[in-house]
Amino acid sequence: MATTQPSSTFKADTPGPLAELLVTLAGTPDDVPAIDVQLKILVQLAADRVEGVDYASVTTLRNDAYSTVAASSELADAVDQAQYTGHGGPCMQSLDDNRPVTLPDIANTMIWPRFREAAISMGLSSSVSIPVVVGSGHTVAVLNLYGRDAATMAPLIIGVWALYDPERPLPSDIDGLPDLGNGGTELLTGFAEALTVHSTIQLALGMIMGRAGITNHEAYLKLRLRAIDSGTSLLAAADAIIREDL
Numbered sequence: 001m002a003t004t005q006p007s008s009t010f011k012a013d014t015p016g017p018l019a020e021l022l023v024t025l026a027g028t029p030d031d032v033p034a035i036d037v038q039l040k041i042l043v044q045l046a047a048d049r050v051e052g053v054d055y056a057s058v059t060t061l062r063n064d065a066y067s068t069v070a071a072s073s074e075l076a077d078a079v080d081q082a083q084y085t086g087h088g089g090p091c092m093q094s095l096d097d098n099r100p101v102t103l104p105d106i107a108n109t110m111i112w113p114r115f116r117e118a119a120i121s122m123g124l125s126s127s128v129s130i131p132v133v134v135g136s137g138h139t140v141a142v143l144n145l146y147g148r149d150a151a152t153m154a155p156l157i158i159g160v161w162a163l164y165d166p167e168r169p170l171p172s173d174i175d176g177l178p179d180l181g182n183g184g185t186e187l188l189t190g191f192a193e194a195l196t197v198h199s200t201i202q203l204a205l206g207m208i209m210g211r212a213g214i215t216n217h218e219a220y221l222k223l224r225l226r227a228i229d230s231g232t233s234l235l236a237a238a239d240a241i242i243r244e245d246l
C-alpha cells in the first residue's frame, strides 16, 4: 500500500475499541498468531457499532485462494462466497489493489454479476471494502461492510475515500447526508490513525533500506529484531529510527 497522509478531520470524542483495534493491527508484527482472533473481533465490532452497516466480514488471500476468515452472519459469508465462485467482487479487488472499493448502489454494478445478484437477493444496497494493514505494511485482509440502506451507508463511503484522497469532500461538506454517527466516526478515526502508524513504519523501513542497502523485507526483519531487543513495539522502534536521523 502506498503511504497515505490521513485526514485529521476524523476524530472520535473518546477512543473506542473499534478504532483501537485498527491501530493495534497496523503495528502488529505479521507473525503474531493472534491476528486472526483480532480480525474476528474487528468484524463483530464493525457490525455492532457502525451506523448503516448490517453485516460485516473479513476476506484474506492465503495459498493463492480467497477466503472469509470471519463474518458477522451467514448472509455476509454467502455474499463473500458469491464473489469467490464468480471470480470477482469488491472484496477481491480491494485486496488485490490495496485500495478501498465502494459500491454506493450495488444494483448498478455491472462488472460482477454473480456478486450483484447475490447481494440484491439478500436485500443489500451498498458495500465498502477497506484494506487492513499489519506491521510490515502488508495488507493482511479486507474489511467488508454491507448495508441494506444506501442512504445511511453514504456518509461512511464518502468518508472512506476522504481518508485516501485529500481532494475528495468530507461527509460534513455535503448537504443532505445523514450523520456519520459515533460508530462511523470511530471506524474512520481508527483507519486514519492506522494509516499514520503505517506511514511511520514505512518511513523507518525506507531509512533502514537506505543505510544498509537491503530489501524492504530485510529491513522489516531488522526493525522487528530491534523492537524485540529493546522490548518495544514496532511503532516505537520505528519512531526511534526516525529520530536518529533528525
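Just so we're aligned: 6 in the UniProt record's numbering is position 6 of the sequence shown, and the numbers increase by one with no gaps anywhere. Beta carbons are placed, not taken as given, at the ideal position from N, Cα and C, and that holds for glycine.
Coil, strand or helix - residue i by DSSP
| i | result |
| --- | --- |
| residue 111 | coil |
| residue 130 | strand |
| residue 159 | helix |
| residue 181 | helix |
| residue 125 | coil |
| residue 34 | coil |
| residue 239 | helix |
| residue 28 | coil |
| residue 244 | helix |
| residue 23 | helix |
| residue 206 | helix |
| residue 199 | helix |
| residue 50 | coil |
| residue 16 | coil |
| residue 39 | helix |
| residue 135 | coil |
| residue 190 | helix |
| residue 4 | Annotation note: pLDDT 42 at residue 4 (below 50); position unreliable, coordinate value reported separately. In this structure, residue 4 counts as coil in the three-state DSSP scheme. |
heavy atom of the ligand NAP below 8 angstroms from residue i C-beta
| i | result |
| --- | --- |
| residue 188 | Here there are no bound small molecules, and the ligand NAP is not part of this structure. |
Residue i at chain B interface by Cβ criterion, 9 angstroms
| i | result |
| --- | --- |
| residue 131 | Absent from the structure: chain B. Only one protein chain is present. |
Bridge-paired residues (DSSP) for residue i
| i | result |
| --- | --- |
| residue 71 | 57 |
| residue 164 | Paired residues: none, contrary to the question. |
| residue 65 | 62 |
Boundaries of the beta strand (DSSP E) in which residue i is found, first to last residue
| i | result |
| --- | --- |
| residue 144 | 139-147 |
Range covered by the alpha helix (DSSP H) that runs through residue i
| i | result |
| --- | --- |
| residue 226 | 216-230 |
| residue 170 | Unbroken run through residue 170: none, as it is neither H nor E. |
Worksheet item: Which runs of the alpha helix (DSSP H) fall wholly inside the region 80-110 and span at least 4 residues, in chain order?
Response: 90-97
Worksheet item: Three or more C-beta pairs closer than 8 angstroms, one from the region 167-174 and one from the region 52-70: is that the case here?
Response: no
Fill in: Sufficient close CB pairs (3 or more, under 8 angstroms) joining the region 149-169 to the region 108-120
no
Worksheet item: Counting Cβ pairs, one atom from each stretch, are 3 or more of them under 8 angstroms apart for the region 85-94 and the region 138-147?
Response: yes
Worksheet item: Can at least three beta-carbon pairs, one atom from the region 212-226 and one from the region 64-79, be found at a separation below 8 angstroms?
Response: no
Discussion item. Would you call the region 150-162 in contact with the region 37-45, where contact means no fewer than 3 C-beta pairs closer than 8 angstroms?
Written reply: no
Worksheet entry | Contact between the region 190-207 and the region 174-182 (3+ Cβ pairs under 8 angstroms) | no
Fill in: Inter-stretch contact (C-beta, 8 angstroms, three-pair minimum) for the region 97-113 and the region 124-132
yes
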